[in-house]
Amino acid sequence: MLKKIECYLQPIKLEEIKEALAKGGVRGMTVYECRGFGRSRGYTEEETPTAQTKFRPKVKIEIVADEAEVDGIITIIKKLARTGRIGDGKIFVLPVEDALRIRTDEVGIRAIR
Amino acid sequence: MNQGKPGEVTRGNCKEKIKESVWDKALKQLEDTARRINIEPGALEILKVPRRCLVVSVPIRRDDGQIEVFTGYRVQHNFTRGPAKGGIRYHPDVTLDLVKALAMWMTWKCAVVNIPYGGAKGAVACNPKKLSPSELERLTRRYTSAILPIIGPEKDIPAPDMGTNAQVMAWIMDTYSINQGYSVPAVVTGKPIEVGGSLGRDKATARGCLYTVMDAAKKLDFTLEERTMAVQGYGNVGRNMAELSTGQGCRIIGVSDINGGLYNPKGIDITRLSRYVDEAGTVFGFTDADSITNAELLELECDILVPAAVEHQITEKNAPRLKARMIAEGANGPTTSEADEILDDKGIFVIPDILANAGGVTVSYFEWVQGIQAYFWSEREVNLRLREVMERAFEDVYRLSQKEKVSMRQAANMLAVSRVAEACRLRGLYP
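As given, the protein sequences belong to chains A and B, one line each in that order. Just so we're aligned, residue 296 is where the first sequence starts under the working numbering, counting upward by one. Just so we're aligned, residue 745 is where the second sequence starts under the working numbering, counting upward by one.
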């Protein structure tokens, strides 16, 4: 079964995580710069929250991988992305119905290998 | 009381008394719970007694040619929510009363995690360590033949318990299948993967227990990172609990088994310990930790205490000295009712057995579902579904405990008994 990992991380951690994932056998990923807020409505530990909710800059990584590889990928991301402070981000795992490599017409797991 | 016991099997009165009080405890628990919820008196009378108790003689030929007769039991406490489900225990001290209590607890356990089963339990009074593998096989096959008429995928589905394992389940499956004339993998759970077992079943009880600990930690507002844990028992539950909790950042400062315990405040190296246990067969004698007794282990200063051995470990005698912040009952009935009140007064958060160790029967349910569908899931899927069931059960129990201002155990019992009682009411009484 193919799965998609979507995670929202601190931008400063991206470089390190990208290298570790590539070394860990991840064969492709997409990165977006984005903004968002979580449970603390965009305020860090140092800031005093006001009524206004704020967006914070984040990067989003998307990876499609085989089910068997998911736990390994999550472990790498989790280890490198964690500072233990508010705003470390989230990881989501989604089911992927099918995949297709346009150049070769390969489908399923071969499309991402 | 050796009622219904064929053959000349007598044992010390003292031990009998302890085991008897396990049944008394189960009954008292049910009556206490019934008082707290709105249950019809007639339904309570039905739930107080098992639907069926089968006591069988199990004669086998020992390897030296002698014939020995063992006593076996299968108690089916309730079928209201579905077929009965429960383990088979091979242990010298089992009695009918103990099996009755364990069967009743299985009914509550299946109800609390909301899987469509009633409760059952089986046992053979024997010491499996003193039987050769072929004697064990003959014992298992003869016992299975004796209980054959009352088990089956839609009637009663056995599983492993103390003293039995995946191999024993494979023999039960084979014996049943031979008698039916075709393979029936769903007659028993906890089987080896090769004959229809489920991925993730071996660690399921510990994994479920860990999920409840994580949920409880969230409620108590702490993370597992660097928390100290003591684990009593290093069998299927204790060992996997120690291994999985280490992965969550917990520091295991104490472990024990029947031969004694280990203590190291800096944390025991669980990977090395498990390797040692694989060779030595016990935690006893492991270097890099101090020796302690089982009694001392329970009284260690730690964040999380996991009794994962046998019944009756936390009593009114040692409960006042317990220093744990949270107790997750990996074993069945490790806390006496008297001790329970003391723990309650001390404000120790107890995750009760029927919730904390329900991961095993939950993945057994998944194994049965997969067996019936003849379609098997990935380990990831099994674990995710287990987590979902455990999280929901924990939340249901926690919410009820907050709403009714009762302990987690009382809430779990109330939830379980009311689910079964409601099913009883809806089905009505035949004829």
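The beta carbon of each residue, even a glycine, is placed where N, CA and C say it ideally should be. It should be emphasised that the depicted structure is a prediction, and the values quoted were computed from it without experimental measurement.
Consult DSSP for residue i and reduce its assignment to one of helix, strand or coil.
i               : result
residue 801(B)  : strand
residue 1002(B) : coil
residue 759(B)  : Unreliable placement is indicated for residue 759(B), whose pLDDT of 45 sits below 50; no coordinate value is reported for it.
residue 933(B)  : coil
residue 1122(B) : coil
residue 1046(B) : coil
residue 357(A)  : strand
residue 838(B)  : coil
residue 402(A)  : strand
residue 884(B)  : helix
residue 957(B)  : helix
residue 830(B)  : strand
residue 811(B)  : strand
residue 301(A)  : strand
residue 417(A)  : For residue 417(A) there is no data in the structure shown, the boundaries of chain A being 296 and 408.
residue 1161(B) : helix
residue 389(A)  : strand
residue 1013(B) : coil
residue 1036(B) : strand
residue 978(B)  : coil
residue 900(B)  : strand
residue 947(B)  : coil
residue 384(A)  : strand
residue 352(A)  : strand
residue 861(B)  : coil
residue 746(B)  : In this prediction, residue 746(B) has a pLDDT of 42, which is less than 50 and means its spatial position is unreliable; what the coordinates show is noted afterwards. Residue state, collapsed to three classes: coil.
residue 823(B)  : coil
residue 325(A)  : strand
residue 972(B)  : strand
residue 338(A)  : coil
So residue i contacts chain B; which residues on that side make the cut at Cβ distance below 7 angstroms?
i              : result
residue 324(A) : In chain order: nothing, as chain B lies at least about 20 angstroms away.
Count the other C-beta atoms from every protein chain shown that fall within 10 angstroms of the C-beta of residue i, then say buried if there are 16 or more, exposed otherwise.
i               : result
residue 1091(B) : exposed
residue 967(B)  : exposed
residue 1122(B) : exposed
residue 924(B)  : exposed
residue 1138(B) : buried
residue 311(A)  : exposed
residue 347(A)  : exposed
residue 1012(B) : buried
residue 942(B)  : buried
residue 329(A)  : exposed
residue 872(B)  : buried
residue 314(A)  : exposed
residue 1143(B) : exposed
residue 813(B)  : exposed
residue 778(B)  : buried
residue 398(A)  : exposed
residue 1174(B) : exposed
residue 345(A)  : exposed
residue 1015(B) : exposed
Open item on the list: Short of 9 angstroms Cβ to Cβ, which residues in the stretch 346-366 of chain A face chain B?
Closed with: 362, 363, 365, 366
- [ ] Please list the residues of the stretch 1118-1140 of chain B that have a C-beta atom closer than 7 angstroms to any C-beta atom in chain A, keeping them in chain order.
- [x] 1122, 1124
- [ ] Report yes or no: do three or more beta-carbon pairs, one from the stretch 1157-1175 of chain B and one from the stretch 978-988 of chain B, lie closer than 8 angstroms?
- [x] no
TODO: May I ask you to verify whether the stretch 890-909 of chain B touches the stretch 927-942 of chain B, counting CB pairs closer than 8 angstroms and requiring at least 3?
DONE: yes
- [ ] Decide yes or no for the touch test of the stretch 882-899 of chain B against the stretch 804-820 of chain B: beta carbon pairs closer than 8 angstroms, at least 3 of them.
- [x] yes
Open item on the list: Quick test of the definition: if touching needs 3 or more C-beta pairs under 8 angstroms, does the stretch 1031-1048 of chain B touch the stretch 998-1010 of chain B?
Closed with: yes
- [ ] Answer yes if the stretch 781-801 of chain B comes into contact with the stretch 836-852 of chain B, meaning at least three C-beta pairs across the two stretches below 8 angstroms, and no otherwise.
- [x] yes
Task: Cβ contact (3+ pairs, closer than 8 angstroms) linking the stretch 987-994 of chain B and the stretch 1054-1063 of chain B - done: no
Open item on the list: With three or more beta-carbon pairs closer than 8 angstroms as the criterion, would you say the stretch 952-968 of chain B touches the stretch 1129-1136 of chain B?
Closed with: yes
- [ ] Spell out a yes or no on whether the stretch 347-366 of chain A and the stretch 1110-1124 of chain B are touching, meaning 3 or more CB-CB pairs, one atom from each, closer than 8 angstroms.
- [x] yes
Open item on the list: With three or more C-beta pairs closer than 8 angstroms as the rule, is the stretch 1066-1082 of chain B touching the stretch 1092-1103 of chain B?
Closed with: yes
- [ ] Please determine if the stretch 773-788 of chain B and the stretch 886-893 of chain B are in contact, where contact requires at least 3 C-beta pairs separated by less than 8 angstroms.
- [x] no
Open item on the list: Does the structure place the stretch 296-309 of chain A close enough to the stretch 380-400 of chain A that three or more beta carbon pairs sit under 8 angstroms?
Closed with: yes
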